[in-house]
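What follows is one structure encoded as C-alpha cells, with my remarks underneath.
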Amino acid sequence: MAANLTKQILEEHLAEGELKPGEPISIHMDQALLQDATGTMALMQFEELEVPRAKVQRAVQYVDHNVVQLDYKNPDDHRMLQALARKYGLHFSRPGNGISHYIHMERFGKPGQTMLGADSHTTQAGCLGMVAIGAGGLDVAVVLGGHPYEILCPEVVEVHLTGALNRPWVQAKDIILELLRRLSASGGKNKVLEFTGPGTADLSIPERATIANMVADLGGTAGVFPPDERTRDWLERQDRGGDFVDVAPDPEAEYDERIEIDLSELGPLVAKPHNPDNVAPVEEVAGTPVAQVCIGSSVNSGYNDLALPGAVLADRGGQIVHPDVAATATPGSRQILTAIAESGVYRQLSDGGVRMLEPVCGPCVGMGQAPPSGANSLRTFNRNFPGRSGTPEDSVYLCSPAVAAVSLLSGKIEDPREYGQPPELLPMPELRPYVDDVHIFAPAEEGDAERIEIPRGPNIKRPPKHTPIEDRIEARVATVQPDDISTGDLAPDGVEVMAYRSNVPAIAEFTFRHRDPEFRGRLKEWGSGLIVAGHNYGQGSSREHAALAPLYLGVKAVIAKSFARIHRRNLIAQGIVAVTFSDESDYDAAEVGQTWTLPAIKQELQDGAETISARIEDTGQDLALAHDLSEHERAILVAGGLLSYLRNRER
Ligand code: MIC
Numbered sequence: 000m001a002a003n004l005t006k007q008i009l010e011e012h013l014a015e016g017e018l019k020p021g022e023p024i025s026i027h028m029d030q031a032l033l034q035d036a037t038g039t040m041a042l043m044q045f046e047e048l049e050v051p052r053a054k055v056q057r058a059v060q061y062v063d064h065n066v067v068q069l070d071y072k073n074p075d076d077h078r079m080l081q082a083l084a085r086k087y088g089l090h091f092s093r094p095g096n097g098i099s100h101y102i103h104m105e106r107f108g109k110p111g112q113t114m115l116g117a118d119s120h121t122t123q124a125g126c127l128g129m130v131a132i133g134a135g136g137l138d139v140a141v142v143l144g145g146h147p148y149e150i151l152c153p154e155v156v157e158v159h160l161t162g163a164l165n166r167p168w169v170q171a172k173d174i175i176l177e178l179l180r181r182l183s184a185s186g187g188k189n190k191v192l193e194f195t196g197p198g199t200a201d202l203s204i205p206e207r208a209t210i211a212n213m214v215a216d217l218g219g220t221a222g223v224f225p226p227d228e229r230t231r232d233w234l235e236r237q238d239r240g241g242d243f244v245d246v247a248p249d250p251e252a253e254y255d256e257r258i259e260i261d262l263s264e265l266g267p268l269v270a271k272p273h274n275p276d277n278v279a280p281v282e283e284v285a286g287t288p289v290a291q292v293c294i295g296s297s298v299n300s301g302y303n304d305l306a307l308p309g310a311v312l313a314d315r316g317g318q319i320v321h322p323d324v325a326a327t328a329t330p331g332s333r334q335i336l337t338a339i340a341e342s343g344v345y346r347q348l349s350d351g352g353v354r355m356l357e358p359v360c361g362p363c364v365g366m367g368q369a370p371p372s373g374a375n376s377l378r379t380f381n382r383n384f385p386g387r388s389g390t391p392e393d394s395v396y397l398c399s400p401a402v403a404a405v406s407l408l409s410g411k412i413e414d415p416r417e418y419g420q421p422p423e424l425l426p427m428p429e430l431r432p433y434v435d436d437v438h439i440f441a442p443a444e445e446g447d448a449e450r451i452e453i454p455r456g457p458n459i460k461r462p463p464k465h466t467p468i469e470d471r472i473e474a475r476v477a478t479v480q481p482d483d484i485s486t487g488d489l490a491p492d493g494v495e496v497m498a499y500r501s502n503v504p505a506i507a508e509f510t511f512r513h514r515d516p517e518f519r520g521r522l523k524e525w526g527s528g529l530i531v532a533g534h535n536y537g538q539g540s541s542r543e544h545a546a547l548a549p550l551y552l553g554v555k556a557v558i559a560k561s562f563a564r565i566h567r568r569n570l571i572a573q574g575i576v577a578v579t580f581s582d583e584s585d586y587d588a589a590e591v592g593q594t595w596t597l598p599a600i601k602q603e604l605q606d607g608a609e610t611i612s613a614r615i616e617d618t619g620q621d622l623a624l625a626h627d628l629s630e631h632e633r634a635i636l637v638a639g640g641l642l643s644y645l646r647n648r649e650r
C-alpha cells in the first residue's frame, strides 16, 4: 500500500502496536522539547525516574514563557532548569533567545524525525517534515527516561492545497483559520494533517510553521509538511544543510480523509472571542474598535510578519499607531530580532509607536501586556480563550499580521483589502551571519554531571505523590462544567498564576477561579470530588497543572461528554479516572453536591470491562460510562499514575 509520509515516519519509529487508526501504539521519539512553564514539573518528575541521562538524540529546555521577573519565583525556576538540563543531558536555551518553537525550527528540527514536546504547539516542527506531538510534562519525562510515547494511532488527513496565496493581504494564518472554521477546535482530534498539493510549494518555512503550530488548536496530533526544496534551502541558510533528509509520501499515497483548500479563493479571516474556531471573514467584524494590537507569538513572529506592519507604518508617511491603541511586536527569536534590527524594520515599528518586546511568548500567555478592561484586543496569536490575556473579562480577536498592520492605524478592525496594494517590505538581510548557537548551552559531560547540585528556590515544591486506586470511588460532584473548557480555566495563564508552575499546592488555589470560585472550597471541605463536563473538556494547552492541581485538591474522576487528547492523557498519567457518558443526556442529571459512586472501578479497569458502572446515589439513577482506555492506561490508573506504574513494572 502506498504510504503517506506520516505513516512512514510512524512505521520507522513504532515500538509497539499496529498502525491502524484508533489502535493504541507507542512510538520512539528522536527529540524532546521543553519550555520553562511546563519543564519544571516535567524535569522534577524525570528526576523521580532515577535515570542519569536523557535518552533521546536531542532534548532542549527553553525559557520563553515565565520570563517576567516580578520576584524570585521565575528566576529561581530558570536557575533550576539550567542546572537540571546540564546534569541530565539537555541543551539549555537561555532566556532572550526566543520562542521554543521558533528556535527549534531554526536550529534543531529535522525531516523524518519524531519529537515529543511539553507544549501543545510542538506541532510547529511539522513545518520541516517531522511528526512533532505536544504532550504533558510527565509523558515527556518518561520519553526522556527512554520509554516510547503511547498514543492512539492517528488517522492521516491529506490537506490538499491548490492555487496560491496570490490575493493581496491573504496570508498563511488565513489557511489555518479556514481549517479551524471548517473543522472546529476538536475537528483534528486523533488526526495528523499532512499537507500536499501545489499550494504548499509556495509557502515559506515560517508560513508552514504558522499552520503546523495551530494544528494544535484543531485538537490535532500533528501537522506534517513533507520536505521539499524550500526545506532544503531553509536548512542550508541555517547552516544545517546536512540535516536535510529526502523523505516524501509515496506516489499515490493513501490517506484516511482528504480536505481541499483553494488558496486563491481565501480572504482574510478573524477568530472572534473566545475560541480560535470562532472564525469569520474580516468584513464581518470590520469596524470593531480595538484598544490593543499585538503582533508576534510562536505563529506570527517571523521576519515578514513584522516587516509588513513596519512597512505599513512607514508607507503612511508619518502615520503612527492610533493614539487609542497600544501596539506591541515580538520577534520569534534572536535571529529575527537581529534581522529586523539590521534591515530597519525595528526602526519602522518603533518610530511608528509599536512597543518592541523581547523574543518570548509574552502577551500570548498573558505574560504582561494585558489589555484594558472592557476593551477589545486584536492579536496575531493562536489562542483567545477567556481570560488568557490576563484581563478577566477580555475580548480577544485573532488575525493575520496583515489585518493587524492596518488595524493599528485606525483603532478598528480593518479589512486590509481596502488599503489597495500592500507596501514593499524592507528586504531581509542575509541570514547566514546571524546563525549562532552560543546562547544555547550544551549539557555537562557525563562524568561531571553527577557532581552538579540542583538549586531549588522556596517556591519550588516536589510533584504530588500518586496513590493506587481504591476498589470503589465514592465522591461528590464538585463542579459541572459546559463544553470547551480549556486548560486555562483549570490552570490560568498570566504572570500571577504561572509563577506557581513549580508549586502545585499554590497553583491549585486558582483552579476554576473564574468559572466556579467555590470549587476549591467544596473540595477542601469534602476531601475529594468529581468533575462533570461537556464536550472537548481540557482543550488547548498541554499544561499538566490542569490535572496536577485537581489531583492535589482530591479530584478522583472526570466524567465528560468528550475530552481533548492531551488533557485526557494528562489526567490518566496523574491517576485521575477520565471517562465519558455513554448516553450524553445523563450529563443533564448532574448537580453539584450529589454523591456519585463508581462501585467497581478497580475491578472493571483490571478486567477491561467495556463500560464503567456508576450511580447517582441521590436519585438512584444508574449510569453506564464509556471509556477508550488502552490496556496500559487501565494499568496506569490502577497503579495510581504513570510514575507508579513504571516503578511497579520495574520491580
Ligand atoms: C499555550 O500556548 O497555551 C502554552 C502556554 O504554550 C501551553 C503551555 C503551557 O501552558 O505552559 C501549551 O500550548 O501547551
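Numbering (numbering that gives the first Met the number 0), first residue to last: 0 to 650.
All residues carry an ideal CB built from backbone N, CA and C; glycine is no exception.
What you are looking at is a predicted structure, and each value in this text was computed from that prediction instead of being measured.
Burial state of residue i (16 or more Cβ within 10 Å)
i	result
PRO457	exposed
THR610	exposed
ASP488	buried
ALA556	buried
MET0	exposed
GLY386	buried
LYS523	exposed
GLN538	buried
ALA131	buried
PRO322	exposed
GLY389	buried
GLY317	exposed
PRO426	exposed
Three-state class that DSSP yields for residue i in the structure shown
i	result
TYR254	coil
HIS704	Because the chain is modelled from 0 through 650, residue 704 falls outside the range shown and cannot be assessed.
PHE194	strand
SER388	coil
ASP692	Summary: the structure shown does not reach residue 692, with the chain confined to residues 0 through 650, and so no result is reported for it.
VAL637	helix
ARG229	helix
GLN480	strand
GLY88	coil
TYR586	helix
SER399	coil
VAL554	strand
MET114	strand
SER629	coil
TYR536	strand
TRP168	coil
THR579	strand
LYS271	coil
CYS293	strand
SER119	helix
GLN420	coil
GLY224	A quick correction: the sequence has Phe, not Gly, at residue 224. DSSP places PHE224 in coil when its eight states are reduced to three.
ILE8	helix
PHE562	strand
LEU48	coil
Bridge-paired residues (DSSP) for residue i
i	result
ASP261	THR161
MET355	ALA328
ASP621	ARG614
TYR148	ILE26
TRP595	ALA474 and ILE615
ALA58	ALA31
GLU282	Partner(s): none; GLU282 has no beta bridge.
Specify whether the region 291-303 and the region 353-366 touch according to this definition: at least 3 beta carbon pairs, one from each stretch, less than 8 Å apart.
-> Flag = yes, the region 291-303 and the region 353-366 touch.
Segment contact flag, the region 137-145 with the region 166-175, C-beta cutoff 8 Å, min 3 pairs = Counting Cβ pairs under 8 Å, fewer than three are found: no touch.
Between the region 538-552 and the region 563-570, do at least 3 Cβ pairs fall closer than 8 Å?
-> A contact exists between the region 538-552 and the region 563-570.
Would you check if there are 3 or more beta carbon pairs closer than 8 Å linking the region 573-582 to the region 613-627?
-> Touching, per the Cβ criterion.
Validate contact between the region 224-244 and the region 311-318 using beta carbons, cut 8 Å, 3 pairs = By the Cβ rule, the region 224-244 does not count as touching the region 311-318, because fewer than three pairs are nearer than 8 Å.
Would you call the region 508-519 and the region 48-64 touching, i.e. three or more CB-CB distances under 8 Å?
-> Touching, no.
How do the region 59-73 and the region 87-100 stand: do at least 3 beta-carbon pairs fall below 8 Å, yes or no?
-> The answer is yes - the region 87-100 touches the region 59-73, with three or more Cβ pairs under 8 Å.
Taking three-plus beta-carbon pairs below 8 Å as touching, is the region 106-113 in contact with the region 63-80?
-> Contact fails: fewer than three Cβ-Cβ distances are below 8 Å.
Please determine if the region 410-421 and the region 333-340 are in contact, where contact requires at least 3 C-beta pairs separated by less than 8 Å.
-> Judged by Cβ distances under 8 Å, the region 410-421 makes no contact with the region 333-340, as fewer than three pairs qualify.
On the three-pair Cβ rule with 8 Å, is the region 489-503 touching the region 351-359?
-> In short, these stretches do not touch, since the Cβ pair count stays below three.
Could you tell me whether the region 250-262 touches the region 121-141, using the rule of 3 or more Cβ pairs below 8 Å?
-> Fewer than three pairs of CB atoms, one per stretch, sit closer than 8 Å, so the region 250-262 makes no contact with the region 121-141.
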